[in-house]
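Have a look at the structure below before the remarks.
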Amino acid sequence: MKIIAVGMNYARHNQELGHAIVNKEPVIFMKPDSAILKDGKPFFVPDFSEEVHYETEVVVRICRLGKNIAPRFAHRYYDAVTVGIDFTARDLQRKFREAGNPWELCKGFDNSAAIGAFVPLEQAGGDVQNLDFRLTIDNKEVQHGNTSDMLFRVDDIIAYVSRFMTLKIGDLLFTGTPAGVGPVSIGQHLQGYLGEDKLLDFHIR
1 MKIIAVGMNY ARHNQELGHA IVNKEPVIFM KPDSAILKDG KPFFVPDFSE EVHYETEVVV
61 RICRLGKNIA PRFAHRYYDA VTVGIDFTAR DLQRKFREAG NPWELCKGFD NSAAIGAFVP
121 LEQAGGDVQN LDFRLTIDNK EVQHGNTSDM LFRVDDIIAY VSRFMTLKIG DLLFTGTPAG
181 VGPVSIGQHL QGYLGEDKLL DFHIR
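Numbered per the UniProt record's numbering, the sequence shown spans residues 1 to 205.
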């Protein structure tokens, strides 16, 4: 199982981080399977970062083996969705970017990919490009987005990625985060919603 993630897929998030470049193709990065955090287990703030940010995303689960998938057929390759958190060591990311180095370590560290309970796409509304999602911290809403605002649609992302690597059953696609990212701190309670369904619920330790 691999975790495929899309960076800079919401315009307002790009603005809040100061990204002025308009990408013509999806920005793809990977997380190892050791990044998965699930079943409501707590996230422990790592000792190598002073600024870990939450990034709330819709996560799509791949259900078929596929390579060189045409966009018009991409919808056949996923069957379930959830809410996830792409944890980012923002201070390390800035350091790596300034040096012109790869920044996998700030994204792919252990437990940096929190995922909630998956639900069938039909239960979530049926249209992957019209999913409302949000994150609360200590019962206060901090992020709210809709997949209709994506710069690159899910089907186009799947088609693009499958040109380079074979998609396998159980692979996860983190589809990008809207505006409103921010730091986490010990003791906080994070809850992620898809529509009105709470799918993600855990604490920061």
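Glycine is no exception: its CB is placed at the ideal position from the N, C-alpha and C atoms.
Nothing here was measured: the structure is a model prediction, and the numbers come from that model.
For residue 159, the enclosing alpha helix (DSSP H) starts and ends at 154 to 161.
Within the same chain, Cβ atoms closer than 7 Å to the Cβ of residue 202 are found at 40, 41, 42, 43, 114 and 190, the five residues on either side in sequence being excluded. Using a C-beta cut-off of 8 Å, the segment 171 to 183 makes contact with the segment 134 to 146, since at least three inter-stretch Cβ pairs fall below that distance. Contact between the segment 46 to 56 and the segment 29 to 38 is absent, with fewer than three C-beta pairs closer than 8 Å. Linking residue 173 to residue 62 through their CA atoms gives a straight-line distance of about 8 Å. Taken atom to atom, the span from the alpha-carbon of residue 169 to that of residue 45 is near 30 Å. If you ignore the 5 residues before and after residue 151, its C-beta comes within less than 6 Å of the C-beta of 9, all in its own chain and listed in chain order.
With 16 or more other CB atoms across the displayed protein chains lying within 10 angstroms of its CB, residue 35 is buried. Following the DSSP letters along the chain, one finds residue 94 inside the alpha helix (DSSP H) bounded by residues 90 to 98. With respect to the 9 Å criterion, residue 116 and residue 59 are classified as neighbours on the basis of their beta carbons. Taking all protein chains shown into account, residue 163 has fewer than 16 neighbouring C-beta atoms within 10 Å of its C-beta and is therefore exposed. Following the DSSP letters along the chain, one finds residue 135 inside the beta strand (DSSP E) bounded by residues 132 to 137.
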